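J.:
There are 2 protein chains.
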Amino acid sequence: MVAIHITTGSNTPIFQQIVAQVRAAIASGRWKVGDPLPSVRSLAKELVVNHNTVAKAYKQLLQDGLIDSHQGRGYFVAKRREIYTKAERVRRVRKLVQPLVSEAITLGLSSDEIVSLLKQELGKLRQSDE
Amino acid sequence: MVAIHITTGSNTPIFQQIVAQVRAAIASGRWKVGDPLPSVRSLAKELVVNHNTVAKAYKQLLQDGLIDSHQGRGYFVAKRREIYTKAERVRRVRKLVQPLVSEAITLGLSSDEIVSLLKQELGKLRQSDE
DNA sequence: CTACTGTACCATATAACGCGGTACAGTAAA
DNA sequence: TTTACTGTACCGCGTTATATGGTACAGTAG
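Just so you know, the sequences run in chain order Z and H.
Per our numbering, residue 1 is the first one in the first sequence, and the count goes up by one each step.
Per our numbering, residue 1 is the first one in the second sequence, and the count goes up by one each step.
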């Protein structure tokens with residue numbers, strides 16, 4: 001069991017769906033440092049997609065520093081590294097927050113509701129991160 | 001002055017950049033109900049893009065119910081309509097919040113920092129909404 | 001040796017994106 | 001009415017992104 005599922009015919013590319021879900025699995029603590037990821041070929045087989053598509057997703061995660069690769073052994077959840085400066089990390093998150101706020105407000109949600117939803121999602125994470 | 005600017009060579013399509021910025025302008029209160037949007041052709045000229053690209057963006061915003069169109073007159077910021085049920089709106093926002101949380105956490109931000117960033121962006125909005 | 005890993009290619013097909021052009025209907029002011 | 005704007009709908013074209021299928025090679029572990 002891998003707990004990754006994709007939706008073909010979606011507006012978001014398959015490889016991005018994989019990236020997002022691996023990222024979520026790591027962020028939530030479901031996958032811990034050192035845990036092996038499903039191999040490129042096995043995950044491709046399970047999702048019924050091409051192995052190149054999975055490889056593309058893993059390549060992205062590797063570049064983001066979220067996973068390590070060991071030729072012949074596989075991919076593993078990486079120890080958290082600071083690949084960006086504090087300012088850069090804040091900048092990146094802000095860039096994600098802005099469209100979220102715009103959409104949520106135009107959808108008719110109140111500020112309190114938005115904050116509440118965020119806290120709710122944050123609450124789903126494990127406290128295991130020091 | 002229109003206060004819309006795009007970045008060519010970005011990973012996000014031009015028409016989506018336009019959608020996001022119009023949405024932000026409306027959400028922030030900078031553009032109010034009834035305000036005319038720049039015409040398809042004039043905005044296209046200003047951004048140095050094709051008029052079809054702007055039309056595509058406006059079509060999206062029209063479908064989202066954020067703007068009204070009047071043939072021969074132009075586009076105008078629409079009165080807020082509830083085109084989705086409460087549950088559906090929450091569901092949509094949650095779908096946006098989840099990847100944000102994943103990315104922010106894996107980037108190394110604390111929950112408090114994330115909440116703080118959100119509140120900060122919310123604070124930039126006008127209180128003019130009823 | 002064998003079967004698994006990552007990794008790197010290649011060619012191909014399809015779709016998305018953006019451009020340029022054309023066209024037509026509605027609106028408003030000269 | 002004429003003119004100059006508006007939205008709107010096409011068409012074709014080129015470029016890029018996405019995904020597929022195949023092949024190949026190097027490293028790892030039993």
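Where is the CB? At the ideal position from N, CA and C, for every residue including glycine.
Small disclaimer: the values here were computed from a predicted structure and weren't measured.
1. Just to make sure I have the definition right: I need the residues of chain Z whose C-beta is within less than 7 Å of the C-beta of R73(H). Which are they?
2. Where does I83(H) fall in DSSP's three states?
3. Please classify I67(Z): does DSSP put it in a helix, a strand, or coil?
4. Am I right that I18(H) and A55(H) are in contact with their C-beta atoms under 8 Å? What's the rounded C-beta distance?
5. Helix, strand or coil for F49(H), going by three-state DSSP, please let me know.
6. Please classify T83(H) as buried or exposed, where buried requires at least 16 other C-beta atoms within 10 Å of its C-beta.
7. Any C-beta of chain H sitting closer than 8 Å to the C-beta of T85(Z)?
8. Taking Cβ positions, are R89(H) and L107(Z) nearer each other than 8 Å?
9. Mind reading off the beta-carbon distance from I114(H) to V93(Z)? Whole number of angstroms is fine, and I expect it under 8 Å.
10. Could you pull the DSSP bridge partners for Y75(H) from this structure?
11. Do you know offhand how far I105(Z)'s Cα is from G74(Z)'s?
12. Between the C-alpha atoms of Q60(H) and L117(H), what's the straight-line distance to the nearest angstrom?
13. Whole angstroms are fine: how far does the CA of P38(Z) sit from the CA of S69(Z)?
14. Could you name the residues of chain Z that L62(H) contacts, counting a contact when the two beta carbons are closer than 9 Å?
15. Which residues in chain H have a C-beta closer than 7 Å to the C-beta of T106(Z)? List them in chain order.
16. Given this structure, state the Cα-to-Cα distance separating L122(Z) from S42(H), to the nearest angstrom.
17. Of all the CB atoms in chain Z, is at least one closer than 8 Å to the CB of M1(H)?
18. Residue range of the alpha helix (DSSP H) that R23(H) falls in?
19. Counting contacts by CB-CB distance shorter than 8 Å, is E130(H) in contact with chain Z?
20. Could you tell me the boundaries of the alpha helix (DSSP H) in which V115(Z) lies?
T.: Once the coordinates are examined:
1. Those within 7 Å of R73(H) in chain Z number zero; the least Cβ separation is about 23 Å.
2. coil
3. strand
4. Wrong, their Cβ atoms sit about 10 Å apart, outside the cutoff.
5. The amino acid occupying residue 49(H) in the given sequence is Val; Phe does not appear at that position. Here V49(H) sits in coil by DSSP.
6. For the sequence presented, residue 83(H) should be read as Ile rather than Thr. The residue in question, I83(H), is exposed, as its Cβ has fewer than 16 Cβ neighbours within 10 Å.
7. no
8. yes
9. 7 Å
10. S69(H)
11. 43 Å
12. 28 Å
13. 12 Å
14. The premise fails here: L62(H) is roughly 13 Å from chain Z at the closest Cβ pair, so nothing lies under 9 Å.
15. R23, I26, A27 and L66
16. 43 Å
17. No answer about M1(H) holds up, because its pLDDT of 48 lies below 50 and its placement is not dependable.
18. I14 to S28
19. Residue placement at E130(H) cannot be trusted, given a pLDDT of 44 that sits under 50; what the coordinates show is reported in the next sentence. Chain Z contact via Cβ: absent.
20. S111 to L122
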